[in-house]
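Peer 1:
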Amino acid sequence: MNKKITELMDELDIDLLENIKLEEEREGKQLDLTRIKEKAMAGISQQQVVSFEKKKEEKKKLKGRKRYFLPLIALIGIMAITVVAVGTNEQLRTLWGESFSLIEKEAQSVQKQFIAEGIIFKVEEAVIDDKSGIIITSFEREDGKTFEKESMPLRIQLHINESGGLGWGSQHYLSEDGKKLFSVIQVSGDKKLSGKDIELTASCLGKWEAGHTTTRLDLNKAYEESKKVVSDDKAWEEYSIDQGLGLTISEEIPQFKLDQVRFIDDVLHIITSYQDSIGEELLQTHVKLIDTRTGAEIEYNSGSGTWDTTNGLHKMSDQFEDITEADLPYLEMGVDYDYFNLISDGKWQVTFRLDSNHNTKRIKLNVIIEKDNLKVKINEIKLSALGVKIEGSKNTELMKDLSGYLLMKDGRKLGLFSNSMSTRFNLWFTQHLNVQQGVIIEEDSKDTTSELGNEVDKVGISNDESILSDHSISFSTMGGKEISLPNLIDVNQVESIVIEDTIIPIR
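Counting from 1 along the sequence shown, just add 2 to a position and that's the residue number in my numbering.
1) Take Ile251 and list the residues in its own chain whose beta-carbon comes closer than 6 Å to its own, dropping the five residues that flank it on each side.
2) Does Thr250 come out as helix, strand or coil in the three-state DSSP assignment?
3) Does Glu150 pass the burial test, meaning 16 or more other C-beta atoms within 10 Å, or should it be called exposed?
4) Could you compute how far the alpha carbon of Thr312 sits from the alpha carbon of Asp278?
5) From Glu40 to Ala237, what distance separates their C-alpha atoms?
6) State buried or exposed for Leu385, treating a residue as buried only when at least 16 other CB atoms are found within 10 Å of its CB.
7) So for Thr96, helix, strand or coil by DSSP?
8) Assuming Ile485 contacts Val186 under a Cβ cut-off of 8 Å, what Cβ separation, rounded to an integer in Å, is found between them?
9) Go ahead and label Ala128 buried or exposed: buried means 16 or more other beta carbons lie within 10 angstroms of its beta carbon, across all protein chains shown.
10) Compute the Euclidean distance between the alpha carbons of His360 and Lys194, then round it to the nearest angstrom.
11) Quick one: grab the DSSP three-state call for Asp347.
12) Does the region 322-335 come within contact of the region 189-203, defined as at least 3 CB pairs closer than 8 Å?
13) Alpha carbon to alpha carbon, what distance is there between Asp338 and Ile138?
14) Starting from Lys230 and walking both ways along the alpha helix (DSSP H), at which residues does that stretch end?
15) In whole angstroms, give me the CA-to-CA distance for Leu207 and His161.
16) Taking the CB atoms as reference points, tell me whether Glu227 and Leu247 lie closer together than 8 Å.
17) Under DSSP, the beta strand (DSSP E) around Pro331 begins and ends at which residues?
18) Going along the chain, which residues of its own chain have a beta-carbon closer than 6 Å to the beta-carbon of Met318, five neighbours each way excluded?
19) Roughly how many angstroms lie between the CA atoms of Thr432 and Phe419, to the nearest whole one?
20) Return helix, strand or coil for Gln113, following the three-state DSSP convention.
21) Exposed or buried, His214, counting other C-beta atoms within 10 Å across all chains shown (16 or more means buried)?
22) Go through its chain and collect everything with a Cβ distance to Ile292's Cβ below 8 Å, but skip five positions before and after it.
23) Provide the residue span of the beta strand (DSSP E) that contains Pro507, from first to last.
24) Looking at Asp403: is its Cβ nearer than 8 Å to the Cβ of Lys373?
25) Ignore the nearest five residues each way along the sequence and tell me which others in Glu445's own chain have a CB closer than 7 Å to its CB.
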């Protein structure tokens, strides 16, 4: 599909123009063509928004990278842009079931792929609104062999070359025949997703394996040996390989070594390492001590780690504050570990573009909301099937304490919650909100509010199972794997958005 220049100007540049306008207003300057060109041409550095979930659940990590603004003047030379076509969107359709009809017109079939290490990596499908969305990717072996259950990419990264923050999280599941490994990537931030080059990189395929081991290494002897090779005033991470004891802690994880036992400022440091030539944190450990006199487990008080790029050595220090030298003869080490068993250490990268979502309602505002003697200004609200975006300024931290819900045309009140990917930078914020799963706010509930900043909200929850099934979303794949998705909103059935006592009609 090709687009006219007028459409490009409308869709690609409106956010840039508004950002410039807001900035000029704050600085009290007159907005003119020269200022627009100066601002558009300027390189603007970005903040990085990182979000991640618990490592034992999905080992999800979120990262971002900077890029430049496309100068307005350059758009004059652009005659057309190729965007993705609408296809069957089989995965989105299956994941959302009957609710898929709410995004069917906005769903996009991408079908861009990259092959390396005998594995095909493909960006399959996507659905986005202005600055958030869902992207589906897949891995498939060229030889047609299956993947093991719980397989996943160790790293997924998204890059959009534009100023601003971006966060994402990923969940993974296998096709029924085990031949395709899918990733559901939920992304949001303050970067516009449509009409931009999106660079998606995945690296290291494998699966996490968990275990526990106890070692009978003599910690007192290791302490005495450590004193011979490293002086007390040397920082723990500065030791070289030849200064590490290199003691195998357990045959179950032979690559994991005890390098030093030291007291630094009267705090016991248990210093361990493992070889990792690719720097991907393939081994994650939780060191604890066992007091053989009592059988008590002693947890570390703090810990830190570093990767020595000169020799590919991951070094870690677990610190115990209440241990003395006299205790060492009676202590054993216990280790809980997660090891990423590699299928491939390959890297796959696909660059693609997405079309804009035309079913987004945009409400320009100049509203002040007050709570606890603080005021927050809301400049704009955007409503799509995927959720609500609130953009504003002043007292940005107050947003997490505000309560809100969607008032539907049939009288229902659907609670809203933050999806943890909201961004705040100086005086400005973008708050991403989703409808809560299975939550209907009752009129007679003692607390009829839903706090925008919290995932656990004080709202009335209906016991009507038919209502819950209409608004809760989970999808079980092979092996009972559940994929969590944002609850979709019927945009045309929203009467208003209520924040605290402020009612904002949706037109």
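For every residue, glycine included, the Cβ atom is placed at its ideal position computed from N, Cα and C.
Predicted model only: the values in this text are computed from it and were never measured.
Peer 2: By the coordinates alone:
1) Thr217, Phe258, Leu260
2) strand
3) exposed
4) 11 Å
5) For Glu40, the predicted structure reports a pLDDT of 45, less than 50, and the residue's modelled location is therefore unreliable. A value from the coordinates is still provided. Those two C-alpha atoms are separated by around 47 Å.
6) buried
7) helix
8) 6 Å
9) buried
10) 14 Å
11) strand
12) no
13) 33 Å
14) 221-231
15) 20 Å
16) yes
17) From DSSP, Pro331 is part of no beta strand (DSSP E); its letter is neither H nor E.
18) Thr274, Gly307
19) 14 Å
20) strand
21) exposed
22) Thr216, Ala298, Glu299, Ile300, Leu333, Glu334, Met335, Gly336
23) 504-507
24) yes
25) Unreliable placement is indicated for Glu445, whose pLDDT of 47 sits below 50; the coordinate value is still reported in the next sentence. Nothing meets the Cβ criterion.
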